[in-house]
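Novice: Please find one structure pasted underneath; my questions will follow.
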Amino acid sequence: MEWTVWAAVERVAPELVRAMEHRVRVMQRIDAHAPIGRRALAHAMGQSERTLRTELEYLKQLGLVATSSSGVSLTPEGKALLSELEPLVAEIAGRSDLAWRVSSLLRIPRVIVVEGDADEDAWVTDRIGQAGSEVLAEVLQDGDIIAVTGGTTVAAVAKAMSAKPVRQRITVVPARGTVGEIVAYQANTIASELAAKLGGSSVLLQISDSLSQKALEQLLDDPYIQERLPIIRQATVVVHGVGDALAMARRRHATEEEIRLLQVREAKAEAFGHYFNARGEVVYAMRTIGLRLDDVARARVVIAVAGGQRKAQAIASVANAYRIDVLVTDEGAARRILQLET
Numbered sequence: 562m563e564w565t566v567w568a569a570v571e572r573v574a575p576e577l578v579r580a581m582e583h584r585v586r587v588m589q590r591i592d593a594h595a596p597i598g599r600r601a602l603a604h605a606m607g608q609s610e611r612t613l614r615t616e617l618e619y620l621k622q623l624g625l626v627a628t629s630s631s632g633v634s635l636t637p638e639g640k641a642l643l644s645e646l647e648p649l650v651a652e653i654a655g656r657s658d659l660a661w662r663v664s665s666l667l668r669i670p671r672v673i674v675v676e677g678d679a680d681e682d683a684w685v686t687d688r689i690g691q692a693g694s695e696v697l698a699e700v701l702q703d704g705d706i707i708a709v710t711g712g713t714t715v716a717a718v719a720k721a722m723s724a725k726p727v728r729q730r731i732t733v734v735p736a737r738g739t740v741g742e743i744v745a746y747q748a749n750t751i752a753s754e755l756a757a758k759l760g761g762s763s764v765l766l767q768i769s770d771s772l773s774q775k776a777l778e779q780l781l782d783d784p785y786i787q788e789r790l791p792i793i794r795q796a797t798v799v800v801h802g803v804g805d806a807l808a809m810a811r812r813r814h815a816t817e818e819e820i821r822l823l824q825v826r827e828a829k830a831e832a833f834g835h836y837f838n839a840r841g842e843v844v845y846a847m848r849t850i851g852l853r854l855d856d857v858a859r860a861r862v863v864i865a866v867a868g869g870q871r872k873a874q875a876i877a878s879v880a881n882a883y884r885i886d887v888l889v890t891d892e893g894a895a896r897r898i899l900q901l902e903t
């Protein structure tokens, strides 16, 4: 009934629907970056500060936003209303239908599509992170072991997670070792932040994600690794990003010979130290310590978070490779995934 009413409203008064969509976007931006200054918010929205001031005053009169010396934030009432409006706006904008089509195509039971394209607007990654944190909060059970990979999108999930006042028996672990040089996006950092938000504990894995055969053999005998590895491999919930094969290989400082091998074998995606072609077949596996594909298969819930149209082929590849229960992505990636199959 609700959708039918709004479909009718859009036919006779489309300006009302556009106004609602715009105000929801304003509230989403505030929610993602609160507290945020008016100038910074106007820049993020791509509109003048004067125009935005009118919107903020209106939302403030409705009791949906509050202002302070540090910036603008949503009130509890604003947060509650935003959670009710987002599904409706997604339905009107066609994102619900887009999610259903991607779900059917990739055989992923639940797909959530947020507005925009992370390749064009960095804020979209924050929206994926927010949606991913909400999914994670929904599925968590007392005693869960959450394994997280590194990357900007998984980091956005940890950043967006609401702090829990009551401690839970939750353990957060890195799925693999360290990749890249930006500490904020490393799995250990993300695991620590997420554990703090959830009131749980974290187990760290202070090793490189790429190892020589000799180093791998030595580490497997190390008491530090023997203590942590069984915990990581018992993960009940997995939250992971999806990497483009060649981009991830270069981040790991792969040799030119390895890069050529991936190109010859038409590698499209990387996850959990494995490189996959478009059919989801493993074409190359790294020597690493951490979560393995058979461990992922045993997890109760597997959540993939990735956006941007450049990630579309990688997302489709990993969906063919192993079970994903929930995919959180954006319009850019979702539309491109559908185009790949036409």
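Residues in the sequence shown are numbered consecutively from 562, following the numbering used here. Ideal placement from N, C-alpha and C gives every residue a C-beta, glycine not left out.
In or out: T686 buried (at least 16 other Cβ within 10 Å) or exposed?
Specialist: With 16 or more Cβ atoms within 10 Å of its Cβ, T686 is classed as buried.
Novice: Please say whether L697 and V800 have beta carbons closer to each other than 8 Å?
Specialist: Yes, the pair counts as a contact, with Cβ atoms nearer than the cut-off.
Novice: Using the beta-carbon count (16 or more within 10 Å), is M562 buried or exposed?
Specialist: Only weak support exists for where M562 lies, its pLDDT of 46 falling under 50; the coordinates are left without a value.
Novice: How big is the Cα-Cα spacing for A593 and D855?
Specialist: Those two C-alpha atoms are separated by around 35 Å.
Novice: Alpha carbon to alpha carbon, what distance is there between V844 and R826?
Specialist: The straight-line gap from Cα to Cα measures roughly 6 Å.
Novice: Please go through the same chain and pick out, in chain order, the residues whose beta-carbon is closer than 7 Å to the beta-carbon of N881, but skip the five residues on each side of it.
Specialist: These residues qualify, in order along the chain: R840, G841.
Novice: Determine which residues share a DSSP beta bridge with R813 and list them.
Specialist: None, per the DSSP bridge assignment.
Novice: Are A830 and V879 touching if we call contact CB-CB under 8 Å?
Specialist: Result yes, Cβ atoms of A830 and V879 sit closer than 8 Å.
Novice: Which residue marks the beginning of the alpha helix (DSSP H) containing V628, and which one marks its end?
Specialist: It is Thr, not Val, that sits at residue 628 in the sequence shown. Counting along the chain, T628 falls outside any alpha helix (DSSP H), though it belongs to the beta strand (DSSP E) covering 626 to 629.
Novice: Taking the CB atoms as reference points, tell me whether V718 and G760 lie closer together than 8 Å.
Specialist: In this structure, G760 does not lie closer than 8 Å to V718 by Cβ.
Novice: For the beta strand (DSSP E) that contains R861, what are its first and last residues?
Specialist: No beta strand (DSSP E) holds R861; DSSP gives it neither H nor E.
Novice: Return the residue from the list V650, D682, I792 that minimises the CA-CA distance to R579.
Specialist: Considering only alpha carbons, the answer is V650.
Novice: If you measure between the beta carbons of A895 and V663, is that distance less than 8 Å?
Specialist: Cβ distance < 8 Å, so A895 and V663 count as in contact.
Novice: Tell me, please, which residues DSSP counts as bridged to G804.
Specialist: DSSP, once it has assigned bridges, lists E831 as partnering G804.
Novice: Out of V573, G624, A708, which one is the CA nearest neighbour of R861?
Specialist: If we check each option's Cα against that of R861, A708 comes out closest.
Novice: Counting pairs of beta carbons, one from the stretch 658 to 675 and one from the stretch 621 to 641, are three or more of them closer than 8 Å?
Specialist: Segments in contact, no.
Novice: Between which residues of its own chain and R671 is the CB-CB distance below 6 Å, once the five residues before and five after are set aside?
Specialist: Closer than 6 Å at Cβ, skipping near neighbours: V887.
Novice: Suppose contacts are defined by Cβ-Cβ distances below 8 Å. Is A748 in contact with R737 by that definition?
Specialist: Cβ atoms of A748 and R737: closer than 8 Å.
Novice: Pick from Q874, R599, R812, E892: whose alpha carbon is nearest that of A654?
Specialist: Here the closest residue by C-alpha is E892.
Novice: List the whole-angstrom C-beta distance separating A590 from L602, where the pair is believed to meet the contact cut-off of C-beta under 8 Å.
Specialist: Note that residue 590 corresponds to Arg in the displayed sequence, not to Ala. Contact holds; Cβ gap of about 6 Å.
Novice: Find out if the Cβ-Cβ distance for the pair T732, S762 is shorter than 8 Å.
Specialist: Yes, the Cβ-Cβ distance between T732 and S762 is below 8 Å.
Novice: Below 8 Å on the Cβ atoms is my contact criterion, and I expect E616 with R599 to pass it. Report the Cβ-Cβ distance as a whole number of Å.
Specialist: E616 to R599, Cβ: 10 Å. No contact.
Novice: Do you know offhand how far Q870's Cα is from L901's?
Specialist: The alpha-carbon atoms of Q870 and L901 are separated by roughly 11 Å.
Novice: Would you say L625 and E638 are within 8 Å of each other, going by their C-beta atoms?
Specialist: Contact flag set, yes.
Novice: Count the other CB atoms, across all protein chains shown, that sit within 10 Å of the CB of T612; report buried if there are 16 or more and exposed otherwise.
Specialist: With fewer than 16 Cβ atoms within 10 Å of its Cβ, T612 is classed as exposed.
Novice: Can you tell me whether A846 is helix, strand or coil according to DSSP?
Specialist: Here A846 sits in strand by DSSP.
Novice: Which same chain residues end up closer than 6 Å to V889 when comparing Cβ atoms and leaving out the 5 residues on each side of it in sequence?
Specialist: Excluding residues within five positions, the ones whose Cβ falls inside 6 Å are I673, I689, A692, G693, V866.
Novice: Determine the extent of the alpha helix (DSSP H) in which I751 is found, giving its start and end residues.
Specialist: Note, I751: alpha helix (DSSP H), 748 to 759.
Novice: Given a threshold of 16 other Cβ atoms within 10 Å of its Cβ, counted over all protein chains shown, does A743 qualify as buried or as exposed?
Specialist: In the sequence as displayed, the identity of residue 743 is Ile instead of Ala. Looking at its Cβ environment, which holds fewer than 16 other Cβ atoms inside 10 Å, I743 is exposed.
Novice: Verify whether the separation of the beta carbon atoms of L643 and M581 is less than 8 Å.
Specialist: No, the pair does not count as a contact, with Cβ atoms beyond the cut-off.
Novice: Can you tell me the Cα-Cα spacing of R897 and G607, whole angstroms?
Specialist: Rounded to whole angstroms, R897 to G607 spans 25 Å at the Cα level.
Novice: Are I793 and L755 close, meaning C-beta to C-beta below 8 Å?
Specialist: Cβ distance not < 8 Å, so I793 and L755 don't count as in contact.
Novice: Check each candidate in R821, E618, R812 and name the one with the smallest Cα separation from G834.
Specialist: Checking every option, the nearest Cα to that of G834 belongs to R812.
Novice: What's the call for P735, buried or exposed, on a 16-neighbour Cβ count within 10 Å?
Specialist: Per the 10 Å Cβ criterion, buried.
Novice: Could you give the first and the last residue of the continuous alpha helix (DSSP H) run that contains I707?
Specialist: No alpha helix (DSSP H) contains I707, which is instead part of the beta strand (DSSP E) from 706 to 709.
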